[in-house]
Each structure stands twice: as structure tokens, then as C-alpha cells.
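Take a look at the structure below.
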Amino acid sequence: FPNNKNNQQQQPQVNASVFAEMNCRLDGVEWFPTNKKDNNNLAWQQRAPYVMLLGAPQSGLPSLTRALLQHPQLAFESKTDHFFAHLSQGRAENKVHVQSARELLYLRHYSRDTYLLLQQQQNKSNSNINYALDSSDDYFAATTTVPKRILCVCPWSKFIVLVRDPWERLLAQFEIEVDHHGWKRPFATWILQDLARLRAVGLDPTHTEMMYPEHWDVAWANYQKLLLNEPAGPLGNGLYALALLDWITYLEQITTQPQLLILKYEDWKQQPHYVLDQVTQFLKLDPFPHSSSASSSASSSSSVYTTNRTTSLVDADTRLQLQKFYQPFSQLLCSTAGWDPTTDCWPLEDY
Numbered sequence: 014f015p016n017n018k019n020n021q022q023q024q025p026q027v028n029a030s031v032f033a034e035m036n037c038r039l040d041g042v043e044w045f046p047t048n049k050k051d052n053n054n055l056a057w058q059q060r061a062p063y064v065m066l067l068g069a070p071q072s073g074l075p076s077l078t079r080a081l082l083q084h085p086q087l088a089f090e091s092k093t094d095h096f097f098a099h100l101s102q103g104r105a106e107n108k109v110h111v112q113s114a115r116e117l118l119y120l121r122h123y124s125r126d127t128y129l130l131l132q133q134q135q136n137k138s139n140s141n142i143n144y145a146l147d148s149s150d151d152y153f154a155a156t157t158t159v160p161k162r163i164l165c166v167c168p169w170s171k172f173i174v175l176v177r178d179p180w181e182r183l184l185a186q187f188e189i190e191v192d193h194h195g196w197k198r199p200f201a202t203w204i205l206q207d208l209a210r211l212r213a214v215g216l217d218p219t220h221t222e223m224m225y226p227e228h229w230d231v232a233w234a235n236y237q238k239l240l241l242n243e244p245a246g247p248l249g250n251g252l253y254a255l256a257l258l259d260w261i262t263y264l265e266q267i268t269t270q271p272q273l274l275i276l277k278y279e280d281w282k283q284q285p286h287y288v289l290d291q292v293t294q295f296l297k298l299d300p301f302p303h304s305s306s307a308s309s310s311a312s313s314s315s316s317v318y319t320t321n322r323t324t325s326l327v328d329a330d331t332r333l334q335l336q337k338f339y340q341p342f343s344q345l346l347c348s349t350a351g352w353d354p355t356t357d358c359w360p361l362e363d364y
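All residue numbers for the sequence shown refer to our numbering, where the first residue is 14 and numbers rise by one.
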């Protein structure tokens, strides 16, 4: 999505009130505040997240977050604990209670300490624009709940999505299961339950009952209903295009200029300065100095699991089937993001 050409807060489009009426319980609270008392800076909003970092597990999100937090105009409240993933909604009307959510968010999560930190950091930069940041790998795939919660509570937010080759990401997640969760059975057994869920809703391109693309949004919603305590299973975490299209649908309900930047983990690892420049331009922040140590986070050995050991544990046939499984979804991601399908979206011949 093209960057906004001004530094002002984005404003909702006319029919955004329909979104708020259907999804948000306001109880007299202003949904998209326009109070300009704080020097046009809406300083009270800085106590709430303005920048949302989204991505699947093992997509490099922690390393990018650590790098961005070295920027003097960004701060992160360590007590967020995936706030919007666990925010409850009214059961009867299934609406987000905006006032109570904001009070909880301001008082317990994005506390006054974060706001004061931002004010202190203001002296370190050439700009008076400072933002609080939220980063979670529980948000991106949970599109039946989280987008609505964020856009009811913080409709001013900008979003950065980080994606990784879905096959590499899947192997890295398996390595986590083996090393940290004690998984001792074969890789094929580990993905079996999630594959059954995806086949049941028609989201397995290698199966005869695959849904037509025009029905993938419904199938994706049905898939999420089959999950209990996680936004997606190991295979589903790599269906970036389906989650991304849901986010875009929500964003386009409230603004004519969705503030969404899509990044690739491979670019972050290989060209960290380039990615950091993209982010600062998108957020209208001062640029990172090229001498900054922030880019070293991209190559940190602890930032994301590699797949050298895991690849040897997966037989060639399983690998090929899963590469074919992801291919149509990666092509859809390419067309949605406006990327070159021959180079940017992990074409099959690269595997």
C-alpha cells in the first residue's frame, strides 16, 4: 500500500460509522477521536499502540521488533502480553466494549510509564512524533476476532506485516516443537491434524475437494472455527494471503488509505538497512543512522530458528507435496501485495 503523504493522523471514511455501529460498543465514547488539544499531536493516543507488528510464529518478528525499538521515536510496553488476542467481547451482541478496553489498555498495558518514556525520547530525535508499538505473532492469523478488536479500540493504528517463505517457516516451527516442547514423533505426524482441518474446509490444493479461490475467505473463517486456543495450526500459519485479505477487508471499511506495509523476512535478513528505511518512511519517522546497531538484529542467531537440521528429517516426497500445497496461496499473496511472482513469492523452482 502506498505510504500516506502527510504526517497527520489518518481519518475515517464516511461509511466507517457503519463498521463502528456493527462491531463496537461505544457507550458515548468517541470512536475515532479528533481532539486536537495536545498540540495536534494527540498525546493521549501515544499511550495506546499506534504501530502494530504482525506475523506468523518463526517469521522473524522478534528480531524486527528489537531493531525498531532502538529507534528513539518508538517505545514498547513489555506488559502487553498479546492484549488484543485475549481481549474479551460482549457475548450477547459480540461487540467490542471500547471504553472498558481502552481503560484496561491504558492502565495496565500501555501505562503512563510508556507515555513518559516517549516524552523523554522526544529529546533524542528531530521530531515531536513518537509512537507506542505492539508486536505479536498471535494477531495476524486470528482474523475472525483481532482486526475488529484493534480497529474498535485503536482505529488510528498503522500495520506492518512480516512474512517468510511458508515452507521454511513451517520447518522452523517444527524445530521449536522438537527442541522446546519435547516432540519426538515424525514431522508428518505433527502436521497431520492441521492438514485434516484444512482438508475439511477445502483449503488443501493437493486434494480433490479444494475450494475455488472465490470461496477461500469462507473456508478460512471455517478453518478458524475448528481451532480452540490458537489463531492457526502449523500449516495454516503459512497461508498469509488469506489472513492478509481479511485484514485489508477490515481496513478498507474504515479508511480509504489503509496504512499497511508488507515486508519479507528474507529481505530483513539480507538487507536490514533497506527494510528499516522502508519502515521509517512508512511511519514518517526520522531515518535510522546507517551506523545504527539495529540492523544487527536481523542476523542475530537467536532471532529466528534456521532449518538446516530439520530439513534432513523430512522426506523428499513430503517436502514436495507441501511446497505444492503453499504455491497457490503464495501466488495470491504476490498479486495482493503487488510483488513480482517470478522472484518475490518463493516460486516452486527455488525449493
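Ideal Cβ positions, reconstructed from N, Cα and C, are used throughout, including at glycine.
Alpha-carbon spacing of residue i relative to residue j, whole angstroms
{"i": "T156", "j": "A311", "result": "27 Å"}
{"i": "K197", "j": "Q186", "result": "14 Å"}
{"i": "L216", "j": "H84", "result": "40 Å"}
{"i": "T221", "j": "Q206", "result": "18 Å"}
{"i": "L257", "j": "P160", "result": "11 Å"}
{"i": "S309", "j": "P300", "result": "16 Å"}
{"i": "T355", "j": "E43", "result": "46 Å"}
{"i": "L117", "j": "L326", "result": "45 Å"}
{"i": "H95", "j": "F153", "result": "11 Å"}
{"i": "Q86", "j": "S72", "result": "24 Å"}
{"i": "D381", "j": "E34", "result": "The displayed coordinates of the chain run from 14 to 364. Any statement about residue 381 would go beyond what the structure contains."}
{"i": "G351", "j": "L296", "result": "20 Å"}
{"i": "P199", "j": "E188", "result": "12 Å"}
{"i": "A114", "j": "P62", "result": "13 Å"}
{"i": "F45", "j": "Q291", "result": "27 Å"}
{"i": "L274", "j": "I163", "result": "17 Å"}
{"i": "F97", "j": "P360", "result": "34 Å"}
{"i": "L289", "j": "S343", "result": "24 Å"}
N- and C-terminal bounds of the alpha helix (DSSP H) containing residue i
{"i": "S348", "result": "329-350"}
{"i": "S113", "result": "111-117"}
{"i": "A80", "result": "74-81"}
{"i": "Y236", "result": "229-238"}
{"i": "S30", "result": "29-36"}
{"i": "F200", "result": "200-214"}
{"i": "E188", "result": "179-193"}
Closest by C-alpha distance to residue i, when choosing among the options
{"i": "A69", "options": "H99, A88, D178, F96", "result": "D178"}
{"i": "P226", "options": "G351, S30, P341, L117", "result": "P341"}
{"i": "L241", "options": "M224, Y253, R210", "result": "R210"}
{"i": "E181", "options": "V111, L335, H99, T219", "result": "L335"}
{"i": "E106", "options": "T78, L87, L333, N36", "result": "N36"}
{"i": "K277", "options": "A88, S101, F338, L74", "result": "L74"}
{"i": "H99", "options": "D151, T269, Y253, L175", "result": "D151"}
{"i": "A201", "options": "W229, P247, H193", "result": "P247"}
{"i": "C347", "options": "L289, Q270, Y253", "result": "Y253"}
{"i": "N235", "options": "M223, D259, G251, A213", "result": "A213"}
{"i": "S76", "options": "E265, V176, K108", "result": "V176"}
{"i": "L146", "options": "L82, S343, I204", "result": "L82"}
{"i": "V166", "options": "I267, V288, Y287", "result": "I267"}
{"i": "D328", "options": "D259, R79, L184, T219", "result": "L184"}
beta-carbon residue i near the ligand ADP non-hydrogen atom, thresh 7 Å
{"i": "L296", "result": "Annotation note on the ligand ADP: not contained in the displayed structure, which lists no ligands."}
Beta strand (DSSP E) segment containing residue i, residue limits
{"i": "P365", "result": "The question about residue 365 has no answer here: the residues shown for the chain are numbered 14 through 364."}
{"i": "K277", "result": "273-277"}
{"i": "K297", "result": "Run containing K297: none; DSSP gives neither H nor E here."}
{"i": "K171", "result": "171-176"}
{"i": "D147", "result": "144-149"}
{"i": "F96", "result": "Unbroken run through F96 is the alpha helix (DSSP H), 96-99; no beta strand (DSSP E)."}
{"i": "A88", "result": "87-89"}
Buried versus exposed, by CB contacts within 10 Å (16 or more), residue i
{"i": "Q272", "result": "buried"}
{"i": "V174", "result": "buried"}
{"i": "P285", "result": "buried"}
{"i": "H193", "result": "exposed"}
{"i": "G251", "result": "buried"}
{"i": "G195", "result": "exposed"}
{"i": "S101", "result": "exposed"}
{"i": "Y287", "result": "exposed"}
{"i": "K171", "result": "buried"}
{"i": "L208", "result": "buried"}
{"i": "L255", "result": "buried"}
{"i": "S30", "result": "exposed"}
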